[in-house]
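Student: Here it is, the structure, as structure tokens.
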Amino acid sequence: DKNGRTLFYEGFAEDITERKSAEETLRDSRNMLQTVLGSIPSPVFWKDRDSIYLGGNRAWLEAAGLKSSEEVVGKSDYDLPWEEKQADSFREHDRRVVESGTPEYDIIESYLRADGTHAWAKTNKVPLRDTEGNIVGVLGTYEDITERRRMDEALRESEERFRNLVESISDVFYVSDPEGKLIYGSPNLFAEMGYATHEILGKSYLRLVAPVDRRRVVDYYVTQTRLGVLDAACEFRALRKDGVILWAEQRTRIVRDGAGKVIEYRNVIRNATERKRTEEEIKSLAKFPSENPNPVLRIARDGTLLYLNEAGVSLLADWHLQVGKETPPMLREAVFQSMHNGTSQVLDLKYGERVYSFHVAPVADAGYVNLYGRDITKRKWAEEALRESEQRLNFHINNSPMAT
């Protein structure tokens, strides 16, 4: 009243039972979500529509380098130790998912962990909906792929080194599958044979062999494969796309798996056209072998040395070769095989720190074999470097997480 005394109270009552029930239901739902997602062993996090973190399970906290959920809940990506550009990227993905209602998968990004180390992650984000289907946030799953990225990078570097090594070698290199189809060719293969890449890859290697020699080459490799050998070598006439015939000297590594099944053929081809021409000249100038700077030998059918030029005397001194005397076993065997088959062959022999390649040419009607040697030590070094590179590449492939 006018004296300041309270005469009565006036109030209004509102039934908030349903609201309290809804709040309690929402709270229970969030608790249930927290419990369920927190029990998942894979890293999981969830945010509201404004990209504010509502939680993250233990696996995600550990992967991100965070100690507890208190560091995350109620905070945005800008409050966490990510770099600003990464926070921008994370929020942009959230925005697209919330606005479009469409999941985004396999988001691969780098980020800065809480401990200051850089990491790579693959993230999937899907809309988080309430019971009425309304989008209330984003649910994300996380996979740390840092080690995989490191292995992939190491593999790429190894492959690059291998490719550079192959391309630096003057000889042609190609790989064929068990059926003989080309699955890789060095750049000089296409340049040497005049084909475009699509004209060779996926096609039979016999496209490179002149028709006159195809059956012989096939029979040779079928035999070598059946015998279980690892290394083979043969000569054949190669056919360029423009029809030009070249002589090729091919050396093959037959690669097998643990069960002995052929996986692939790795082939190195050297253009032997000039050598064959030289050999023909040597044959026609056989009366002047003493002028040859490389070893030249003539050995009878029974293995007796008939002739040795001056270069052979000086370069092969440790073999104690003497005209009229029996030659070492490896030479006698080469002579026997060449005379028996009536065909030329190539014989590589190690001599101290050097390696010599001998072209063994039978003269059947005269009963002897001529051997023309040349120093191939540098080429052998290159082949060994190539083999070591292949081994390193296979090691990275076999130890990559993708291989398991």
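All residue numbers for the sequence shown refer to our numbering, where the first residue is 527 and numbers rise by one. We put the CB at the ideal spot given by N, CA and C, even for glycine. In this text the structure is predicted, and so the values were computed from the model without any measurement.
Just curious, the beta strand (DSSP E) that T778 is in, first and last residue?
Tutor: To locate residue 778, count along the sequence shown from 1; it is residue 252. Its beta strand (DSSP E) spans residues I771 to R782.
Student: Which word fits S568, buried or exposed, when buried means at least 16 other C-beta atoms lie within 10 angstroms of its C-beta?
Tutor: Here residue 568 refers to the residue found at position 42 when the sequence shown is read from its first residue. Label assigned to S568: exposed.
Student: Tell me which same chain residues have a C-beta within less than 6 Å of the C-beta of E597, skipping the five on either side of it?
Tutor: Residue numbering aside, residue 597 sits at position 71 when the sequence shown is read from its first letter. Closer than 6 Å at the Cβ level, and outside the excluded window around E597, lies no residue.
Student: With a threshold of 8 Å, are at least 3 pairs of Cβ atoms found where one atom belongs to the region 759-776 and the other to the region 790-807?
Tutor: yes
Student: Determine the closest residue to R575 out of D656, A589, R682 and E673, with distance taken between C-alpha atoms.
Tutor: Position 49 of the sequence shown, counted from the first residue, corresponds to residue 575. It is D656 whose Cα lies nearest to the Cα of R575.
Student: Going by C-alpha to C-alpha distance, which of V698, S615, E718 and G878 sits closest to F795?
Tutor: What you label residue 795 is simply residue 269 of the sequence shown in a count that begins at 1. Before going further, note that residue 795 is Ile rather than Phe in the sequence given. Closest by alpha carbon: V698.
Student: Just curious, the alpha helix (DSSP H) that R752 is in, first and last residue?
Tutor: Taking the first residue of the sequence shown as 1, we reach residue 752 at position 226. That run of the alpha helix (DSSP H) goes P737 to L753.
Student: From R880 to P821, what distance separates their C-alpha atoms?
Tutor: As a working note, residue 880 is residue 354 in the sequence shown. As a working note, residue 821 is residue 295 in the sequence shown. Straight-line Cα distance between these residues: approximately 13 Å.
Student: Note down, in chain order, each residue of its chain lying with its Cβ closer than 6 Å to the Cβ of R740, except the 5 sequence neighbours on either side.
Tutor: Position 214 of the sequence shown holds residue 740. Taken in chain order, the residues that qualify are L732.
Student: Excluding five sequence neighbours on each side, which residues of the same chain lie with their C-beta closer than 6 Å to the C-beta of S702?
Tutor: By one-based count along the sequence shown, residue 702 stands at place 176. Once the five neighbours on either side are set aside, the close Cβ partners of S702 are L708, Y731 and Y791.
Student: Determine which residues share a DSSP beta bridge with G711 and list them.
Tutor: Numbered from 1 along the sequence shown, position 185 holds the residue referred to as residue 711. Answer is Y700, bridged to G711.
Student: Is it right to say M719 is buried, meaning 16 or more other beta carbons lie within 10 angstroms of its own, or is it exposed?
Tutor: To locate residue 719, count along the sequence shown from 1; it is residue 193. With 16 or more Cβ atoms within 10 Å of its Cβ, M719 is classed as buried.
Student: If I measure Cβ to Cβ from D783 and keep anything under 7 Å in the same chain, skipping five residues before and after, which residues do I get?
Tutor: Within the sequence shown, the letter at position 257 stands for residue 783. Only residues of its own chain outside the window of five on either side were considered, and among them I789 have a CB closer than 7 Å to the CB of D783, listed in chain order.
Student: Should S840 be labelled buried (16 or more other beta-carbon atoms within 10 Å of its own) or exposed?
Tutor: Here residue 840 refers to the residue found at position 314 of the sequence shown. The C-beta of S840 has fewer than 16 other C-beta atoms within 10 Å across all chains shown, which makes the residue exposed.
Student: Could you check the C-alpha separation between Y631 and E669 for me, to the nearest Å?
Tutor: Working through the sequence shown from its first residue, we reach residue 631 at position 105. Working through the sequence shown from its first residue, we reach residue 669 at position 143. About 12 Å.
Student: Going by DSSP, what residues sit across from E635 in a beta bridge?
Tutor: Walking along the sequence shown from the start, residue 635 turns up at place 109. Answer is A647, bridged to E635.
Student: Assuming D757 contacts R779 under a Cβ cut-off of 8 Å, what Cβ separation, rounded to an integer in Å, is found between them?
Tutor: The residue you call residue 757 lines up with position 231 of the sequence shown. The residue you call residue 779 lines up with position 253 of the sequence shown. Approximately 6 Å separates the beta-carbon atoms of D757 and R779; this is inside 8 Å, confirming the contact.
Student: Taking a contact to mean a Cβ-Cβ separation below 8 Å, would you say A860 touches V886 in this structure?
Tutor: For this step, residue 860 is matched to residue 334 along the sequence shown. For this step, residue 886 is matched to residue 360 along the sequence shown. Their beta carbons are under 8 Å apart, which means A860 touches V886 by this criterion.
Student: Using the beta-carbon count (16 or more within 10 Å), is D614 buried or exposed?
Tutor: Looking up residue 614 in the sequence shown gives position 88. With fewer than 16 other Cβ atoms within 10 Å, it is exposed.
Student: What separation, rounded to the nearest whole angstrom, lies between the Cα atoms of E761 and Q871?
Tutor: In the sequence shown, residue 761 corresponds to position 235, counting from 1. In the sequence shown, residue 871 corresponds to position 345, counting from 1. Whole-angstrom Cα-Cα distance: 8 Å.
Student: So what does DSSP say about E800, is it helix, strand or coil?
Tutor: As a first step, residue 800 must be located in the sequence shown, where it is residue number 274. Three-state result, E800: helix.
Student: So within the region 799-887, which uninterrupted alpha helix (DSSP H) runs reach at least 4 residues, ignoring any that extend past its ends?
Tutor: Listed in chain order, the complete alpha helix (DSSP H) runs (minimum 4 residues) inside the region 799-887 are 799-810, 836-841 and 855-867.
Student: Nearest-angstrom Cα distance between A908 and D901?
Tutor: As a first step, residue 908 must be located in the sequence shown, where it is residue number 382. As a first step, residue 901 must be located in the sequence shown, where it is residue number 375. Approximately 14 Å between the Cα atoms of the pair.
Student: Determine the closest residue to A826 out of V895, W845 and G838, with distance taken between C-alpha atoms.
Tutor: Residue mapping note: residue 826 aligns to position 300 of the sequence shown, counting from 1. The shortest Cα separation from A826 among V895, W845 and G838 belongs to V895.
Student: Among Y898, L834, G642 and E805, whose alpha-carbon lies nearest the alpha-carbon of K851?
Tutor: Walking along the sequence shown from the start, residue 851 turns up at place 325. Closest option to K851, Cα to Cα, is L834.
Student: Taking all protein chains shown into account, decide if Y898 is buried (16 or more other Cβ within 10 angstroms of its Cβ) or exposed.
Tutor: Your numbering for residue 898 matches position 372 in the sequence shown. It counts as buried.
Student: Return the bridge partner residues of S931 from the DSSP annotation.
Tutor: What is shown of the chain runs 527 to 930, which leaves residue 931 out entirely.
Student: Alpha carbons only, please: which of D828, K904 and K876 is nearest the one belonging to A892?
Tutor: Here residue 892 corresponds to residue number 366 of the sequence shown, with the count starting at 1. Nearest of D828, K904 and K876 to A892, Cα basis: D828.
Student: Within a Cβ cutoff of 7 Å, which residues of the same chain sit near W586, ignoring the five residues on either side of it in sequence?
Tutor: For the purposes of this step, residue 586 is taken as residue 60 along the sequence shown, with counting starting at 1. Result list for W586: P569, V570, F571 and Y668, in chain order.
Student: Quick check: the Cα distance between R617 and S577, rounded to an integer number of angstroms?
Tutor: For the purposes of this step, residue 617 is identified with residue 91 of the sequence shown, where counting begins at 1. For the purposes of this step, residue 577 is identified with residue 51 of the sequence shown, where counting begins at 1. Distance between the alpha carbons of R617 and S577: 6 Å.
Student: Can you list, in chain order, the residues of its chain with a C-beta nearer than 7 Å to that of G591? Leave out the 5 residues immediately preceding and following it.
Tutor: As a first step, residue 591 must be located in the sequence shown, where it is residue number 65. The answer, listed in chain order, is R639, A640 and D641.
Student: Is the separation between the beta-carbon of N818 and that of A837 shorter than 8 Å?
Tutor: Indexing the sequence shown from 1 puts residue 818 at position 292. Indexing the sequence shown from 1 puts residue 837 at position 311. Cβ atoms of N818 and A837: closer than 8 Å.
Student: Taking the alpha-carbon of P629 as reference, which of G663, T751 and M865 has the nearest alpha-carbon?
Tutor: Stepping through the sequence shown from its first residue, residue 629 is reached at position 103. Comparing Cα positions, the closest option is G663.
Student: K573 to R675, Cα distance in whole Å?
Tutor: In the sequence shown, residue 573 corresponds to position 47, counting from 1. In the sequence shown, residue 675 corresponds to position 149, counting from 1. Their Cα atoms are separated by approximately 27 Å.
Student: Using a Cβ-Cβ cutoff of less than 8 Å, which residues in the same chain neighbour V624 once the five nearest sequence positions on both sides are dropped?
Tutor: Within the sequence shown, the letter at position 98 stands for residue 624. Counting only Cβ-Cβ distances below 8 Å, and skipping sequence neighbours, we find R575, P653, I661, G663 and V664.
Student: Might you give, ordered along the chain, the residues of its own chain that have their beta carbon closer than 8 Å to the beta carbon of C600, omitting 5 neighbours on each side?
Tutor: Within the sequence shown, residue 600 is the residue found at index 74, counting from 1. Contrary to the premise, residue 600 reads as Gly rather than Cys in this sequence. Closer than 8 Å at the Cβ level, and outside the excluded window around G600, lie I578 and Y579.
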